[in-house]
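Inspection log for the structure reproduced underneath, given as structure tokens.
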């Protein structure tokens with residue numbers, strides 16, 4: 001008697017051969033693929049292929065809106081950049097995929113969930129962390145990590161089980177993509193002294209081929225989230241897709257990163273995230289205008305912690321929730337418009353305004369004599385601001401010379 | 001009977017009128033100007049001008065090497081970026097200027113030091129903090145903050161005291177410069193919705209006017225500090241000047257920043273720091289290759305603290321020294337070469353190597369079957385990595401559904 | 001024509017002489033005293049005294065409940081301890097006092113608020129920070145800081161203006177008190193090598209005089225806030241008063257602290273906070289049982305930031321609000337009972353339980369063979385947990401010896 | 001043909017049965033026991049027992065001085081307290097034990113190192129992390145984790161292999177001890193609502209049985225490390241032993257902690273660390289007197305990170321080294337004497353002095369009119385200290401009411 005299993009299906013060779021392999025292990029496979037904005041994927045074909053290779057059910061879910069609003073928006077609000085460079089791509093879709101799969105598993109009384117990750121990387125941890133959190137008793141299958149086949153063995157198994165083998169199988173790249181970006185990792189890229197070849201990129205023009213005229217766009221934010229492009233209100237998923245398109249043409253958003261994987265090794269990754277480059281730059285610029293100084297100076301510490309948590313498979317965790325409570329509270333006044341210049345690989349914030357919440361006060365800031373700023377106050381401020389260091393030097397003379405008459 | 005005072009002199013109108021004003025207050029003025037790499041300044045003329053307007057001595061000190069090695073190198077090693085955007089320009093020269101002035105004051109038995117800052121900004125704090133730390137009993141004069149003249153009053157006073165008035169006095173800009181960069185702040189820039197006009201910049205080409213061919217440079221680091229350009233060993237000051245020249249031509253290093261001044265207000269600043277953009281990007285990239293993960297993930301917190309300290313006038317402080325002890329220890333293995341592509345405003349790390357200290361291990365990182373990475377280990381790792389969150393969900397069910405048979 | 005001013009009145013000599021002094025300055029004085037749980041103060045007498053010495057109105061407000069629920073509860077939830085030792089006393093009442101005074105000022109069309117702090121300490125900053133935040137245009141008077149009288153001059157002025165001079169005026173101590181504790185600072189205490197004399201304390205028995213039998217109390221928490229004592233539900237203000245009484249008899253809650261004042265100097269303070277010692281120890285103990293590890297390890301950083309903010313006069317600030325949003329989110333599951341042993345100066349958590357939210361799982365924790373913990377998982381966990389350091393040593397050999405056959 | 005293995009031997013049943021078990025696996029066993037100050041252990045008997053049960057060599061190393069100076073001193077300097085409560089006991093000895101074992105393994109051409117930890121706890125990670133770091137190619141054996149015997153199976157195996165079975169085998173406690181403290185965990189303690197029974201403690205008197213007269217001791221520190229007791233210079237190991245003795249009699253140093261183990265579960269631990277309670281309290285008190293404020297406020301963040309690192313098996317790591325570079329730099333001026341009152345379970349710092357490095361300045365701190373503190377300075381300081389929050393409220397009115405005439 002077979003039991004049901006829900007598989008995170010992609011349509012690729014790995015998760016396709018997994019289906020007969022899981023069948024042989026005694027499972028009826030429910031294949032599920034989420035549309036989170038992968039570029040140029042034919043979801044109908046993928047759905048059909050799963051059934052063709054042995055799935056008992058095949059489900060496609062359009063999760064683009066939910067992905068943008070529930071998973072990308074927090075990244076923007078918190079300026080999450082793993083190691084200062086990577087705005088999260090794969091790390092974001094994993095918890096959403098699992099959330100959907102767990103729901104489907106419960107609806108179908110499935111006993112197990114399977115994912116297609118290998119044992120080298122971060123995604124296995126992200127998939128399984130989310131499964132453990134959302135249903136600690138759910139069984140987990142990780143066929144690709146288990147069978148550890150060479151490419152040849154995998155193809156042989158595919159032929160033996162009537163699994164179609166893609167013709168572009170000799171691509172040196174391993175790709176993951178969603179509407180927030182594209183991750184590319186493998187083969188030729190692995191020597192850090194090799195420059196990434198042009199065909200490693202798909203969403204962005206080489207700067208050499210970008211238009212000679214800059215493009216200016218206005219991005220409107222409400223409570224830290226982009227809500228309009230050039231004045232036109234757009235759902236976040238659509239806004240991201242539109243900005244990806246424009247910014248990609250201007251060569252914006254390429255990232256070449258030697259990063260620390262959660263499993264303890266360094267890897268070299270090529271990312272493209274055009275919209276992320278534009279929207280996150282704009283967001284930070286608007287925060288510069290609207291966040292009070294102490295908030296602005298403390299928030300990066302929270303942001304870094306959040307970026308690490310998300311990268312390190314802890315999206316579903318109480319610390320994530322509590323840190324986001326902090327972030328959400330800071331975003332109440334992050335309202336306004338930022339004008340971005342997109343040009344030759346650069347996404348530059350050139351102007352910004354916040355009618356209700358700008359803390360910039362021209363009258364206080366000006367150096368002219370007309371300023372309302374109380375210059376006398378500075379004298380007292382400096383004395384007390386520096387007093388603890390002054391006393392320290394009076395006593396310890398690390399950088400200064402002792403005086404005969406120094407009072408201790 | 002007069003007493004001696006040492007003045008931080010710049011040659012501009014403000015510190016020039018300060019000399020007769022200080023004379024009238026009863027001081028013999030020793031004017032001191034430091035050459036920290038200001039662009040296109042004629043130091044001989046400045047030295048002569050001080051004497052002409054009433055100084056009793058006028059001293060020029062070439063401090064470029066000391067500035068680069070003692071003040072810029074820590075910024076590079078610690079990736080110091082105030083508010084994530086500003087690599088420190090004025091904040092760096094202030095403590096060095098004061099160090100020299102205090103020495104000269106001691107040599108000449110001067111009783112006071114004067115600086116030319118207004119009461120609105122950060123520099124008054126930086127000057128006076130350093131004076132307090134290096135000689136807590138030294139008297140401080142801040143004539144520009146004190147007299148608070150309008151431009152007209154100042155010119156009138158200058159004419160009355162034979163102080164030459166510069167012909168470019170109607171420039172809307174207030175500039176400070178050293179070899180690490182150029183800060184520009186005032187007038188027309190102060191509305192954040194105004195785009196900065198082209199004439200606000202001096203060290204960098206507009207991207208529109210940059211060469212159509214990229215330039216590649218190799219930067220070699222030893223213990224986190226740049227030591228060679230394209231394989232040629234150079235003293236740091238010379239290396240910075242050379243990179244400024246190249247990168248400026250490619251339009252690299254413009255910064256338009258709404259920043260939080262130490263005195264509690266927001267101001268809008270236009271910076272140019274071409275070499276900083278190139279060298280700090282290269283440095284971070286080499287750290288990605290050579291820093292162990294836990295170090296890489298903790299160091300940003302120290303970096304941010306250092307950036308705040310330096311910006312906020314605490315270069316001479318025990319906390320700065322202790323934090324730099326941490327940073328210096330992390331830099332022992334930051335040795336290697338980074339290939340930078342300079343093109344159309346972009347400074348991109350495209351390749352990097354570290355013969356002795358690279359922690360990137362191609363054999364561990366590869367996703368191919370030949371990897372030496374122990375995939376079995378991941379299974380156990382994931383269980384324990386996620387266990388505390390799993391137990392949390394088993395008990396509290398924040399994101400999951402309670403099960404009848406959940407054991408508490 | 002006079003204008004109205006609202007005075008934070010205490011009944012003591014300083015704020016009493018301030019009334020005729022403010023009258024002479026042209027103000028009608030509305031004296032306001034808040035009952036925040038000061039020990040043994042006769043509020044009727046204080047109210048009458050204000051009128052006697054020249055106030056036009058005298059108002060007493062019982063603010064104990066609001067103080068406990070709005071100002072003390074956050075301290076407990078966030079384990080706020082300034083410099084690890086001081087659970088906040090005066091810093092808590094200042095923003096509440098100002099909130100009430102600003103409301104009264106607005107109701108009465110008063111133009112100014114006056115406080116009785118000197119220019120040496122923290123409280124002037126706390127009072128004025130809150131005034132600036134709650135009404136930036138409100139005028140501030142600080143008579144004691146302004147007149148800077150010697151004790152003799154103050155008494156002379158009091159006699160001249162019919163202000164009663166207290167008979168205990170020669171007390172060497174300067175006291176501030178509320179239901180959360182008592183701060184004592186001055187005179188004899190100021191040499192850190194002097195032991196604090198017994199009469200510096202008022203709320204706590206010397207350990208030498210405490211009962212020889214321990215007392216056990218059960219404190220029940222809901223969402224991180226104490227709600228019941230020995231099973232009896234109590235409003236927080238009453239619960240604190242009750243615990244102060246019991247714990248004080250057992251000599252609990254004395255603090256002798258060399259602390260860093262906000263104005264840049266070190267001072268020596270003697271505090272008593274019996275209930276704080278008991279309730280905060282119990283709260284932390286319950287958190288140990290109910291907080292997930294990552295939350296438990298990150299929260300102290302937020303706690304320290306909050307303690308600094310509160311001490312440093314920034315209770316009314318957006319950073320405080322955002323940090324408390326984090327804290328409040330963490331406290332949702334901090335529910336349970338802690339048994340405290342109070343004995344000879346010690347407040348010891350000896351037992352704790354949380355029926356709904358305990359994350360302690362005896363079955364996982366036991367070292368016996370019956371444990372459900374997966375020991376095999378540890379092997380894989382250790383490999384990956386240590387991998388980045390292992391690779392670091394393989395490459396750099398800081399603590400290890402190079403091997404001939406080490407693969408790099 | 002057998003290979004050599006070095007075993008971390010304790011003399012207990014677990015590591016004794018491990019010897020024949022390892023012999024059967026083909027190893028010649030070199031048993032090594034370190035004397036790190038365990039209470040009441042007969043090292044000669046332990047050494048002999050190893051040989052009796054089958055070791056080919058048995059080595060005892062007196063490592064008390066090295067343990068105190070290289071492993072305990074950093075804990076004191078950095079105020080390391082895991083989760084604010086546990087001053088590290090077992091976590092400190094593990095890396096030292098492994099350092100010695102790796103050296104012995106290299107001298108003897110051994111191929112493996114064995115430890116006696118189970119698979120549930122932290123110590124397996126600490127042992128193996130240190131082995132990986134110090135010799136990544138060394139083989140590791142963990143017999144107790146491997147055989148996972150019940151108590152009965154273990155005794156049966158012992159009888160069958162002539163391993164003596166201790167008569168106190170039915171003790172419900174699992175103990176680890178060194179001169180810094182004693183850790184006790186198991187059985188009856190595992191229900192957090194059970195109070196720890198008196199026989200769980202061995203180093204400390206119950207408060208009920210302590211002397212009725214307090215004891216005062218003076219602890220002298222140089223650069224943050226205790227160097228003298230009551231004026232008498234002592235090596236650190238001897239000083240700790242002496243303070244343990246005195247403080248234990250006064251009932252000081254009991255800890256009852258629900259802690260988060262590295263492997264993801266909560267456990268309940270009973271510690272005794274009398275000297276730690278006294279010396280760490282004294283050290284923090286002296287820091288209060290000698291550390292500049294910014295250092296004092298930043299250091300706790302480093303301290304917490306270090307405590308986590310040490311607890312979490314990363315003593316041998318570059319981050320530990322870099323963080324200790326920070327700590328060591330802060331300790332240069334932590335010189336002086338602290339008078340501790342030891343009484344009825346309390347270790348109270350009652351007086352402190354630092355002739356050379358005290359930053360406490362009575363003249364600045366006093367509230368009397370004679371103070372040299374510049375009260376005028378406070379007025380300006382407060383304006384600028386609060387300005388960013390004031391502007392925030394002027395614009396956003398979170399806590400204040402909008403005014404008609406508020407200038408934005």
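Chains as they are written, first to last, in full-length UniProt numbering: chain A, 1 to 408; chain B, 1 to 408; chain C, 1 to 408; chain D, 1 to 408.
Ideal Cβ positions, reconstructed from N, Cα and C, are used throughout, including at glycine.
Keep in mind it's a predicted model, so treat the numbers as computed, not measured.
Contact check for residue 281 of chain A against residue 336 of chain A fails: the beta carbons are separated by 8 Å or more.
Residue 352 of chain B belongs to the set of residues whose beta carbon lies under 8 Å from a beta carbon in chain A. The Cβ of residue 129 of chain B sits no closer than 8 Å to any Cβ of chain D. Counting only runs of at least 4 residues, the stretch 93-151 of chain A fully encloses the following alpha helix (DSSP H) elements, listed from N- to C-terminal order: 123-134, 143-147. Beyond the five residues adjoining it in sequence on each side, residue 55 of chain C comes within less than 8 Å, by CB distance, of 7, 9, 19, 29, 30, 31 in the same chain, given in chain order. When secondary structure is reduced to three states using DSSP, residue 274 of chain A falls in the helix class.
Inclusion of residue 376 of chain C and residue 191 of chain D in the CB contact set at 8 Å is not warranted, their separation being larger than that value. Across the structure, residue 189 of chain A and residue 60 of chain B are spaced so that their CA atoms are roughly 52 Å apart. Contact check for residue 277 of chain D against residue 228 of chain D fails: the beta carbons are separated by 8 Å or more. Ranked by how close their Cα comes to the Cα of residue 181 of chain A, the residues A/260, A/147, A/92, A/143 have A/92 in first place. In the three-state reduction of the DSSP assignment, residue 261 of chain B falls in the coil class, being assigned neither a helical nor a strand state. Residue pairing by DSSP leaves residue 46 of chain B without any beta bridge partner.
For residue 19 of chain D, there are no C-beta contacts with chain B under 7 Å, since the nearest C-beta of that chain is about 27 Å from it. For residue 399 of chain B, the neighbours in chain A by C-beta distance under 7 Å run, in chain order, 133, 134, 316. For the stretch 291-311 of chain D, residues whose beta-carbon sits nearer than 7 Å to a beta-carbon of chain B comprise 292, 294, 295, 298, 305. Residues of chain A with a Cβ closer than 7 Å to the Cβ of residue 380 of chain D are, in chain order, 376, 377, 378, 379, 380, 381. Annotation for residue 324 of chain B: no beta strand (DSSP E) segment contains it, though the alpha helix (DSSP H) segment containing it runs 318-330. Here residue 207 of chain D is not near residue 339 of chain C, since their CB atoms are 8 Å or more apart.
If you draw a straight line from the Cα of residue 160 of chain B to the Cα of residue 17 of chain B, it is about 10 Å long. Note that the stretch 313-330 of chain B does not touch the stretch 302-319 of chain A; fewer than 3 beta-carbon pairs, one per stretch, sit closer than 8 Å. For residue 377 of chain B, the enclosing alpha helix (DSSP H) begins and ends at 375-385. Per DSSP, residue 166 of chain A has no beta bridge partner at all. Look at residue 355 of chain C here: in three-state DSSP terms it is coil, with no helix or strand label. Taking 8 Å as the threshold, the shortest C-beta distance from residue 260 of chain D to chain B falls below it.
For residue 282 of chain A, the secondary structure class from DSSP, reduced to helix, strand or coil, is helix. Bounds of any beta strand (DSSP E) do not take in residue 294 of chain A; it lies within the alpha helix (DSSP H) bounded by 293-311. Of the residues C/310, C/108, C/385, the one whose Cα lies closest to the Cα of residue 262 of chain A is C/385. When Cβ pairs closer than 8 Å are counted between the two stretches, the stretch 131-141 of chain D is seen not to touch the stretch 165-176 of chain D, the count staying below three. Nearest in C-alpha terms to residue 145 of chain A, of all of A/273, A/122, A/353, A/133, is A/122. For residue 253 of chain D, there are no neighbours in chain C by C-beta distance under 7 Å, as the nearest C-beta there is about 12 Å away.
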